[in-house]
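Participant:
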Amino acid sequence: MENQSEKPVICFLCTGNAARSVMARIMFEKRAPNYVAIGAGTLVLEGHPMSQRTRKALERFEISDHAHRSSQFGEKHVGVDLVVAMEPSHIEWIRRNFPEVAPRAATLPRLVRELPKEGSLVERIMKLNLAEVEIESWEEVIDPASGDQEIFDSCAIEIDRLIDQLIDRLP
-9 MENQSEKPVI CFLCTGNAAR SVMARIMFEK RAPNYVAIGA GTLVLEGHPM SQRTRKALER
51 FEISDHAHRS SQFGEKHVGV DLVVAMEPSH IEWIRRNFPE VAPRAATLPR LVRELPKEGS
111 LVERIMKLNL AEVEIESWEE VIDPASGDQE IFDSCAIEID RLIDQLIDRL P
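Reminder that position 106 of the sequence shown reads as 96 in my numbering, one-by-one numbering, no gaps.
Quick look at the structure:
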């Protein structure tokens, strides 16, 4: 994705770009106007809207994006400033398929826990040594796919909390 603005671009990444990355992107863009938020997936049916359960979970927060269409992570995303993944397997996928992005890709839980609070965004990200860091099981935001509405609602609550914590760590 070519950045047409001065704002840093953050790509939220999940598997299908239908639930977790959608929730994270929408929540983030409503609270972080100094950034451009986009979403993508690792295994996507291109052009699909978010799931109904995702839409319903977001209604709890009085937010939505009726224009959302799923997007496969690809060459157009390589230039983003930061990839925020929802689980360890997404980071492994980035490392295999887009190794040039690996130094700028981390899970949401890792960023919330470890992103330094000092320096520019680039400096903070580089301090994490993301291309080399060992990926751990605690880094997963549970995938609500095939779950009932309660699971999607719980996922949205978790992502909401994590997005607030991420924003607190960003410049």
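Cβ coordinates follow ideal geometry from the N, Cα and C atoms, glycine included.
Is DSSP giving A92 helix, strand or coil here?
Facilitator: Of the three classes helix, strand and coil, the one that applies to A92 here is helix, per DSSP.
Participant: Drop a sphere of 10 angstroms on the beta-carbon of A57, count the other beta-carbons inside from all chains shown, and report buried for 16 or more, exposed for fewer.
Facilitator: exposed
Participant: What residue does the alpha helix (DSSP H) around N70 start on, and which one ends it?
Facilitator: Looking at the sequence itself, residue 70 is Val, so the reference to Asn does not match. Neither: V70 is in no alpha helix (DSSP H) and is coded neither H nor E.
Participant: For the alpha helix (DSSP H) that V12 lies in, which residues bound it at each end?
Facilitator: Boundaries of the alpha helix (DSSP H) around V12: 10 to 21.
Participant: I want to know whether the segment 118 to 125 touches the segment 13 to 33 - three or more CB-CB distances under 8 Å.
Facilitator: Contact between the segment 118 to 125 and the segment 13 to 33 is absent: fewer than 3 CB-CB pairs across the two stretches fall below 8 Å.
Participant: With distance defined between alpha-carbon atoms, name the residue in A9, L33, V73 nearest to L48.
Facilitator: A9
Participant: Where S41 and V131 are concerned, what is the direct C-alpha to C-alpha distance, given to the nearest angstrom?
Facilitator: The straight-line gap from Cα to Cα measures roughly 17 Å.
Participant: Which class does A162 belong to by DSSP, given the choice of helix, strand or coil?
Facilitator: Outside the displayed range of the chain (-9 to 161) lies residue 162, so it cannot be described from this structure.
Participant: Give me the Cα-Cα distance between K(-3) and G69, rounded to the nearest whole angstrom.
Facilitator: Distance between the alpha carbons of K(-3) and G69 is about 13 Å.
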